[in-house]
Amino acid sequence: MKAARIAALLLFAAAACGCSRVEPWVKPYERENIADPIMAWDRDPVSSSYMRHVYEAREGARGALGASGGGCGCN
Amino acid sequence: MQLTRAAVVALALLPLPAAAAVLPEDRADLLYHYYDGGGVTIDGPSVLVRKKFAEKYGVSANYYVDMVSSASIDVITTASPYTETRTQYGVGFEYLRNKVTYSAAFSNSSENDYEADTATLAISQDMFGDLTSVSLFFTRGWDDVTRRGDATFADEIDRRIYGVDISQVATKNMVLGLSYETITEEGFLNNPYRQVRYLDPDAARGFSFEPERYPRTRTGNALSLRARYFLPYRAAIQGDYRFYTDTWDILAHTAEVSYTHPLDEEWTFDVRYRYYTQDAAEFYSDLFPRSDFQNFLARDKELSTMTSHTLGFGVAYEFKSPRITFLKRSSLNLRYDRMRFEYDDFRDATATGFAPGTEPFYSFDADVIRFFFSGWF
Chain A
1 MKAARIAALL LFAAAACGCS RVEPWVKPYE RENIADPIMA WDRDPVSSSY MRHVYEAREG
61 ARGALGASGG GCGCN
Chain B
76 MQLTRAAVVA LALLPLPAAA AVLPEDRADL LYHYYDGGGV TIDGPSVLVR KKFAEKYGVS
136 ANYYVDMVSS ASIDVITTAS PYTETRTQYG VGFEYLRNKV TYSAAFSNSS ENDYEADTAT
196 LAISQDMFGD LTSVSLFFTR GWDDVTRRGD ATFADEIDRR IYGVDISQVA TKNMVLGLSY
256 ETITEEGFLN NPYRQVRYLD PDAARGFSFE PERYPRTRTG NALSLRARYF LPYRAAIQGD
316 YRFYTDTWDI LAHTAEVSYT HPLDEEWTFD VRYRYYTQDA AEFYSDLFPR SDFQNFLARD
376 KELSTMTSHT LGFGVAYEFK SPRITFLKRS SLNLRYDRMR FEYDDFRDAT ATGFAPGTEP
436 FYSFDADVIR FFFSGWF
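Protein chains in written order, with my numbering: chain A, 1 to 75; chain B, 76 to 452.
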């Protein structure tokens, strides 16, 4: 529970920072490379979630292996 | 049985997106998975279909099957080989409003001695000129545990998972990621079939077995960091690190490096190496000094001091078939992983000719194959 409160607080802090205008230091026209499909965290969610399942059935540690899907914050 | 708990944790988040301001593409995946190692063979299909409507709503559905044939070291030491099937269904819904995505997902996993329901709520937002993407999620899980051949046994697990994922564009060539997750479970957390070993001077081999017994609560915290870098000749390299610790005194480190290399427009090659190491749970022992030695008893090799290595290769071929007109593009993918598991305090109790507690340490290799078709429509 304590961890969840800290996470909520962090998000609130991040959201509060969003009220002041932050100039993106990587301009939209400079995002060609990070928008390349090879830069996605996870190109194939079905395949990678299967590997998470393989590891979590055989190892003691769990979680925090990143969100599924791709995305670089660029539209 | 053993696979289910891992599955509900690993697959709970399947339909949820990482990028907030855009919904995942319309896509169907059909995957065949195969695992062979340590006397266990598991294979089966997995299907995921995602479809969005009006660029605001997204739905997804997943079907997954594990067909297990097990003669693992645990099974041949104290029981008989068995086969079983686990089936999982999942559905997800997403709603995109401005730069915020709201998601909900539900899944059910079922096998003859284990039933699990999992529900997840998530919210993702892009901020700071879309350089930062933050996701928060909360998962609840309800498991029913039974035991084959014992109608009197029934128990439950209540699971809560709290998580945050942050993806940050650092430069025009580098993206950073951070994930934090707390998993807390309460209920029957051990395996109703697994046994622990203890010294028994009256037994022919000098040891006997009795059922394992775990605490009824466990809370684990995992923190991971990752960086992905675009190389000047159009390739990508990634490094990942994860730290994990829990209330059973397991402390684990995971590190991975991977490299992605496209060739022309059609081919993509991947290679990766992953290293994992952990300390044993506080109540783990390969050989207890006597029966009922302490309150909690475990001889599950997943709770022992262990390391694992994975070397993986992947190749993807993307194409557009003029005959399948409703697909914009398609890809065929083959991935192969070779894994090695080494145990530092789990001994092979089936080895003969050794005094109890001096048998060789157990280790095994595993082959994992994923073959899948993806179609974008």
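Note that CB positions come from ideal geometry on N, CA and C, so glycine has one too.
Since the structure is predicted, the reported quantities are computational estimates derived from the model, not experimental observations.
{"query": "Assuming His108 (chain B) and Tyr55 (chain A) form a contact by the criterion Cβ under 8 Å, report the distance between their Cβ atoms to the nearest whole angstrom.", "result": "The pair is not a contact, with the Cβ atoms about 13 Å apart (cut-off 8 Å)."}
{"query": "What three-state label does DSSP hand Leu378 (chain B) in the structure shown?", "result": "helix"}
{"query": "List the residues of chain A whose Cβ lies closer than 8 Å to the Cβ of Pro337 (chain B), in chain order.", "result": "Ile38"}
{"query": "List, in chain order, every chain A residue whose beta-carbon is nearer than 9 Å to that of Arg223 (chain B).", "result": "Those do not exist, as Arg223 (chain B) stays about 19 Å from chain A at its closest Cβ, beyond 9 Å."}
{"query": "In whole angstroms, what separates the C-alpha of Asp141 (chain B) from that of Thr246 (chain B)?", "result": "41 Å"}
{"query": "Taking only beta-carbon positions, decide if Gly71 (chain A) is within less than 8 Å of chain B.", "result": "The pLDDT assigned to Gly71 (chain A) is 33, lower than 50, so where the model puts this residue is not dependable, and the model offers no usable value."}
{"query": "Ser252 (chain B) versus chain A: which residues are under 7 Å apart at the beta carbon?", "result": "Checking the displayed sequence, the identity of residue 252 (chain B) turns out to be Gly instead of Ser. The contacting residues are Trp41, Gly66."}
{"query": "Please confirm whether Phe452 (chain B) and Lys403 (chain B) have their CB atoms less than 8 Å apart.", "result": "yes"}
{"query": "Cβ of Thr246 (chain B) less than 8 Å from any chain A Cβ?", "result": "yes"}
{"query": "Classify Ile151 (chain B) as helix, strand or coil using the three-state DSSP reduction.", "result": "helix"}
{"query": "Compute the Euclidean distance between the alpha carbons of Phe344 (chain B) and Ser299 (chain B), then round it to the nearest angstrom.", "result": "25 Å"}
{"query": "Please report the straight-line C-alpha distance between Asp275 (chain B) and Asp423 (chain B), rounded to a whole angstrom.", "result": "17 Å"}
{"query": "Can you tell me whether Ser208 (chain B) is helix, strand or coil according to DSSP?", "result": "strand"}
{"query": "Using only CA atoms, which one of B:Ala154, B:Asp361, B:Ile198 lies nearest to Phe212 (chain B)?", "result": "B:Ile198"}
{"query": "Exposed or buried, which one is Lys376 (chain B) when buried takes at least 16 other CB atoms within 10 Å?", "result": "buried"}
{"query": "Report all residues from its chain with a CB closer than 7 Å to the CB of Thr352 (chain B); omit the five preceding and five following residues, and keep chain order.", "result": "Ala327, His328, Thr382"}
{"query": "Is there a Cβ from chain A that is less than 8 Å from the Cβ of Thr468 (chain B)?", "result": "Here chain B comprises residues numbered 76 to 452, so residue 468 (chain B) is not present and cannot be evaluated."}
{"query": "Taking a cut of 7 Å between CB atoms, which residues from the stretch 114-142 of chain B lie near chain A?", "result": "Ser121, Leu123"}
{"query": "Assuming Glu56 (chain A) is part of the alpha helix (DSSP H), what are its boundary residues?", "result": "45-56"}
{"query": "Taking DSSP as the reference, what is the three-state secondary structure of Pro120 (chain B)?", "result": "strand"}
{"query": "According to a CB-to-CB cut-off of less than 9 Å, which residues of the stretch 402-423 of chain B neighbour chain A?", "result": "Ser406, Asn408, Arg410, Asp412, Met414, Phe416"}
{"query": "Check Tyr177 (chain B) in the structure and name its three-state DSSP category.", "result": "strand"}
{"query": "For Tyr350 (chain B) and Thr116 (chain B), I'd like the C-alpha separation in whole angstroms.", "result": "23 Å"}
{"query": "How do the stretch 361-368 of chain B and the stretch 410-427 of chain B stand: do at least 3 beta-carbon pairs fall below 8 Å, yes or no?", "result": "yes"}
{"query": "Using the rule of at least 16 other Cβ atoms within 10 Å of the residue's Cβ for burial, across every protein chain shown, is Tyr268 (chain B) buried or exposed?", "result": "buried"}
{"query": "Chain A beta carbons: is any one of them nearer than 8 Å to that of Glu377 (chain B)?", "result": "yes"}
{"query": "Who are Asn296 (chain B)'s beta bridge partners in DSSP?", "result": "B:Thr257, B:Thr320"}
{"query": "Under a CB-based cut-off of 8 Å, is Arg161 (chain B) close to chain A?", "result": "no"}
{"query": "Please classify Pro92 (chain B): is it buried, with 16 or more other beta-carbons within 10 angstroms of its beta-carbon, or exposed?", "result": "Caution applies to Pro92 (chain B), whose pLDDT of 44 falls short of 50 and renders its modelled position unreliable; the value that the coordinates give is listed next. Buried, by the Cβ-count rule."}
{"query": "Measuring CA to CA, which of B:Ala279, B:Thr385, B:Leu372, B:Leu338 is closest to Arg429 (chain B)?", "result": "According to the sequence as given, residue 429 (chain B) is Phe; it is not Arg. For the residues B:Ala279, B:Thr385, B:Leu372, B:Leu338, the minimum Cα distance to Phe429 (chain B) belongs to B:Ala279."}
{"query": "Among the residues of its own chain, which have a CB less than 7 Å from the CB of Asn75 (chain A), if the five just before and after it don't count?", "result": "Note that Asn75 (chain A) scores a pLDDT of 30, beneath 50, so its modelled location is shaky; the value from the coordinates is reported in the next line. Excluding sequence neighbours, Asn75 (chain A) sits near nothing in its chain."}
{"query": "Any chance you could list the beta strand (DSSP E) runs of at least 3 consecutive residues sitting entirely within the stretch 325-407 of chain B, in chain order?", "result": "326-338, 342-353, 381-394"}
{"query": "Using 8 Å as the limit for Cβ to Cβ distance, is Val443 (chain B) near chain A?", "result": "yes"}
{"query": "Can you pull the chain A residues whose beta carbon is under 7 Å from the beta carbon of Glu256 (chain B), in chain order?", "result": "Gly63, Ala64"}
{"query": "Measuring alpha carbon to alpha carbon, tell me which residue in A:Tyr29, A:Asp36, A:His53 is nearest Ala310 (chain B).", "result": "A:Asp36"}
{"query": "For my contact list, Glu260 (chain B) and Gly238 (chain B) are in at a C-beta cut-off of 8 Å; report their separation, rounded to the angstrom.", "result": "In fact, because the Cβ distance is near 15 Å, the residues do not count as touching under 8 Å."}
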